[in-house]
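First the structure, in the form of structure tokens, and then the observations on it.
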Amino acid sequence: MKKSRRVGILGGGQLAKMLCDSGKKMGYQTVILDPNRDSCGSLSAHKHIVCDYRDENGLNELCESVDVITYEFENVPSETIEYLEKNRANIPQGKRPLYLSQHRVREKEAVSNIGVKTAEFKKVKNLDDLKKAIAEMEFPCILKTCSGGYDGKGQWKLLKESDLNEIEWNEKVEYILEKMLTFDKEVSCLVVRGIDGHVINFPIGENIHRNGILNMTIVPARIDREIVNEIENISKKIVERLDIYGPLGIEFFIKGKEIYFNEMAPRPHNSAHYTMDACNYSQFDAHLRGILGEELPKIKLLTPVVMLNVMGEDRDRLDTIPNDSDTHIHIYGKTEWKKNRKMGHINYCGKNIDELILKANSF
Ligand code: ADP
Ligand code: MG
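Going left to right, the sequence shown walks through residues 4 to 366 as the numbering used here numbers them.
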């Protein structure tokens with residue numbers, strides 16, 4: 004057994020909670036830092052430092068409490084990491100993955116520069132820029148805020164001239180205009196690069212969205228083996244060529260044999276929550292092992308699985324979930340059940356994917 008390690012996590016949401024649960028299995032102490040006293044991570048962390056991400060006293064306390072620091076969300080301010088690093092904290096991932104993933108144009112330029120295909124894109128600041136960009140790119144396109152967007156927030160689908168009136172412009176914000184792709188499938192790949200440079204990946208998930216929010220992930224994804232291989236190779240190339248350590252969730256669109264990068268996040272990813280019940284190691288186990296310098300295991304899919312997100316509006320239906328040994332319920336313990344808020348997920352494991360999809364859809 005390895006000696007006990009103390010892990011600090013910036014952010015205290017459900018991803019932090021599941022990291023803490025995973026850490027407990029391996030005997031690690033976990034400390035989360037999150038300004039929200041009620042954040043659900045505190046249900047599983049050994050200690051919760053309640054403070055702003057720029058609060059020097061809180062950050063000092065974190066440094067004193069742990070041996071290694073990681074993050075569970077990509078919008079950690081860069082000043083936070085700089086301050087911690089000045090304090091000689093051990094943050095194996097550093098701030099580079101955050102720098103890249105915090106800005107959609109930066110992220111797409113970085114992957115384009117290493118030869119990974121993306122939808123056509125252009126940075127825009129205002130309506131004038133947008134009109135010029137649309138004249139070149141042509142409808143349909145999609146406008147997104149470069150930073151801070153998630154679950155489809157801060158996005159406008161632009162199919163015709165009048166859609167431009169719907170945009171809420173903010174002069175402090177940068178935007179990216181993307182060509183709207185028609186695709187056959189959306190998929191994602193979770194890779195982890197350990198601090199020794201070794202890269203592993205989890206099986207590709209096929210993602211179904213509802214209202215811009217991930218609804219369901221189907222594994223194995225129903226795509227050709229050669230596409231699977233290519234996505235795995237692209238994902239490995241991204242972490243190696245962009246020199247990213249730790250976990251990275253990468254989203255792709257597939258159209259025929261074409262693969263387009265959509266976005267990436269240097270943290271555990273909602274679409275890989277299925278790994279908790281369907282793989283030999285979960286994404287949380289691999290995240291911790293990777294940043295702690297432990298050997299990264301080869302990942303095996305033990306069973307086909309469908310992961311379904313449980314949203315705030317689903318609360319009354321929780322009693323209808325079948326009480327069988329192949330259905331695994333994870334509820335995060337957030338205090339407020341709000342519409343469109345991710346409250347938990349269900350992993351339906353079994354032999355037949357079509358049956359699992361039916362089971363999930365009947366929830
Ligand atoms: P978020 O950070 O909200 O997940 P995404 O860039 O992944 O932002 O966009 C959310 C969803 O919008 C995607 O999962 C996809 O369904 C759709 N989408 C995003 N970009 C495009 C695009 N260029 N073409 C077509 N659909 C897109
Ligand atoms: Mg996305």
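Beta carbons are placed, not taken as given, at the ideal position from N, Cα and C, and that holds for glycine.
Return the bridge partner residues of residue i from the DSSP annotation.
{"i": "I349", "result": "L311, I332"}
{"i": "L180", "result": "K125, L146"}
{"i": "S191", "result": "G208, E254"}
{"i": "W159", "result": "L146"}
{"i": "E261", "result": "K258"}
{"i": "R306", "result": "The sequence shown places Thr at residue 306, rather than the Arg named in the question. For T306, which the question treats as bridged, DSSP gives no partner whatsoever."}
{"i": "K50", "result": "V34"}
{"i": "G249", "result": "R196"}
{"i": "L13", "result": "L36, Y74"}
{"i": "I203", "result": "V195"}
What's the C-alpha gap between residue i and residue j?
{"i": "T33", "j": "R292", "result": "14 angstroms"}
{"i": "S452", "j": "T220", "result": "This structure cannot speak to residue 452, because the chain is shown only from 4 to 366."}
{"i": "I332", "j": "N93", "result": "34 angstroms"}
{"i": "F255", "j": "N204", "result": "15 angstroms"}
{"i": "E75", "j": "G30", "result": "20 angstroms"}
{"i": "I356", "j": "E174", "result": "47 angstroms"}
{"i": "L184", "j": "K163", "result": "15 angstroms"}
{"i": "F186", "j": "I294", "result": "35 angstroms"}
{"i": "I211", "j": "L217", "result": "6 angstroms"}
{"i": "M4", "j": "H276", "result": "Legend: pLDDT at M4 = 45, less than 50; position of this residue unreliable, value from coordinates given subsequently. C-alpha separation (whole angstroms): 26 angstroms."}
{"i": "I237", "j": "R40", "result": "40 angstroms"}
{"i": "A19", "j": "E339", "result": "18 angstroms"}
{"i": "Q17", "j": "A138", "result": "42 angstroms"}
{"i": "M140", "j": "K182", "result": "7 angstroms"}
{"i": "Q286", "j": "L161", "result": "36 angstroms"}
{"i": "K301", "j": "K260", "result": "27 angstroms"}
{"i": "I230", "j": "E209", "result": "12 angstroms"}
{"i": "K345", "j": "N273", "result": "10 angstroms"}
{"i": "N232", "j": "E67", "result": "43 angstroms"}
Helix, strand or coil for residue i? Go by DSSP, reduced to three states.
{"i": "I244", "result": "In the sequence as displayed, the identity of residue 244 is Arg instead of Ile. Helix, per DSSP."}
{"i": "K111", "result": "helix"}
{"i": "L62", "result": "helix"}
{"i": "T33", "result": "strand"}
{"i": "V231", "result": "helix"}
{"i": "E316", "result": "helix"}
{"i": "A268", "result": "strand"}
{"i": "H290", "result": "helix"}
{"i": "R40", "result": "coil"}
{"i": "T338", "result": "coil"}
{"i": "T73", "result": "strand"}
{"i": "T278", "result": "helix"}
{"i": "G26", "result": "helix"}
{"i": "I356", "result": "helix"}
{"i": "T220", "result": "strand"}
{"i": "I137", "result": "helix"}
{"i": "R99", "result": "helix"}
With a CB to CB cut of under 7 angstroms and the five nearest residues on each side skipped, what residues in its chain are close to residue i?
{"i": "V242", "result": "V194, R196, V202, L251"}
{"i": "N126", "result": "First, the residue type needs correcting, since residue 126 is Lys and not Asn in the sequence shown. Hits under 7 angstroms: V108, E177, I179."}
{"i": "S45", "result": "G15, I35, H51"}
{"i": "N148", "result": "Sequence inspection shows Thr at residue 148; the Asn mentioned does not correspond to that position. Cβ neighbours of T148 beyond the five flanking positions: G157, V176, Y178."}
{"i": "L299", "result": "V195, G197, H201, I203, A289, R292, G293"}
{"i": "C43", "result": "G16, Q17, K20, Y335, G336, K337"}
{"i": "I234", "result": "V190, C192, I207, F255, I262"}
{"i": "A281", "result": "V222, L304, L305, T306, V308, N350, C352"}
Can you give me the Cβ contacts of residue i inside the same chain, cut-off strictly under 6 angstroms, excluding the 5 residues immediately before and after it?
{"i": "D55", "result": "P38"}
{"i": "L13", "result": "L36, Y74, V79"}
{"i": "A268", "result": "E77, S104, G252"}
{"i": "K342", "result": "G315, E316"}
{"i": "K27", "result": "none"}
{"i": "A136", "result": "K125, V127, L180"}
{"i": "M279", "result": "S285"}
With hydrogens ignored, establish whether the beta-carbon of residue i is closer than 7 angstroms to any heavy atom of the ligand NAD.
{"i": "Y153", "result": "Of the ligands this structure carries, namely the ligand ADP and the ligand MG, none is the ligand NAD."}
Taking 8 angstroms as the CB-CB limit, is residue i close to chain C?
{"i": "G44", "result": "This model lacks chain C altogether, as it is built from one protein chain only."}
Which same chain residues, not among the five before or five after residue i, have their C-beta less than 8 angstroms away from its C-beta?
{"i": "L361", "result": "none"}
{"i": "K258", "result": "L184, T185, F186, D187"}
**Q.** Sufficient close CB pairs (3 or more, under 8 angstroms) joining the stretch 99-113 to the stretch 308-317
**A.** Verdict: no, contact absent.
Q | Contact between the stretch 254-268 and the stretch 113-126 (3+ Cβ pairs under 8 angstroms) | A | The stretch 254-268 vs the stretch 113-126: in contact.
Q) Looking at C-beta atoms only, is the number of pairs between the stretch 221-234 and the stretch 321-330 that lie closer than 8 angstroms three or more? A) Remark: fewer than three beta-carbon pairs, one from each stretch, lie closer than 8 angstroms, so the stretch 221-234 and the stretch 321-330 are not flagged as touching.
Q. Per the contact definition of three or more C-beta pairs closer than 8 angstroms, is the stretch 128-142 in contact with the stretch 167-180?
A. Look at the beta carbons and you see the stretch 167-180 touching the stretch 128-142: at least three pairs across the two are nearer than 8 angstroms.
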